[in-house]
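Below is one structure, written out as structure tokens; comments come after it.
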């Protein structure tokens with residue numbers, strides 16, 4: 251693979267600290283969510299993952315639409331990320347991607363299914379996290 255872009259981020263104290271990218275464009279306080287016994291005062295890794303996955307998946311849909319010559323200007327995507335204990339005394343994530351497209355349902359489903367095959371986040375988690383997809387409120 252030819253790498254097109256590389257970045258890095260450093261976390262200072264896990265979930266109760268600070269995370270900063272190498273170029274300083276992201277510099278955030280972190281805290282446990284209230285549901286996990288924290289203050290919920292700052293963002294957390296699950297929120298950051300949800301934001302990144304939503305943006306990446308939305309862009310994958312727009313890319314596929316351009317390739318297929320489907321005229322859409324936006325691809326609203328909501329990524330819902332959950333965390334909980336797994337069977338190995340560790341933790342695991344869940345992901346649900348909800349996409350809203352102003353297209354015929356069959357066309358919208360085809361775009362989303364194709365995007366799921368090319369999105370780097372989808373490719374990274376495939377086989378590790380079960381990702382549930384909905385398009386216009388219908389599960390696919």
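Residue numbers (my numbering): 251 to 390. By construction, the Cβ of each residue, glycine as well, lies at the ideal position given by its N, Cα and C atoms.
Item                                                                                                                         : Value
Residues of its chain near residue 362, where Cβ-Cβ distance is below 7 Å and the 5 sequence neighbours each way are ignored : 311, 349, 383, 385, 390
Cβ neighbours of residue 342 in the same chain (closer than 6 Å, five flanking residues each side left out)                  : 336
Cβ contact (3+ pairs, closer than 8 Å) linking the region 321–329 and the region 297–313                                     : yes
Status (buried if at least 16 other CB within 10 Å, exposed otherwise) for residue 317                                       : exposed
Residue interval of the alpha helix (DSSP H) (run including residue 357)                                                     : 355–368
Environment of residue 423 [buried if 16+ CB atoms lie within 10 Å]                                                          : Lying outside 251 to 390, the shown extent of the chain, residue 423 is not represented and no answer is given.
Cβ-based neighbour list, residue 381, same chain, cut-off 7 Å, excluding 5 preceding and 5 following                         : 345, 347, 372, 375
Close beta carbons around residue 279, own chain, < 7 Å, minus the five adjacent residues each side                          : 268, 292
Simplified DSSP state of residue 278, which is helix, strand or coil                                                         : strand
Endpoints, alpha helix (DSSP H) assigned at residue 297                                                                      : 295–317
Buried versus exposed, by CB contacts within 10 Å (16 or more), residue 356                                                  : exposed
Three-state secondary structure assigned by DSSP to residue 269                                                              : strand
Sub-8 Å separation of residue 331 and residue 300 beta-carbons                                                               : yes
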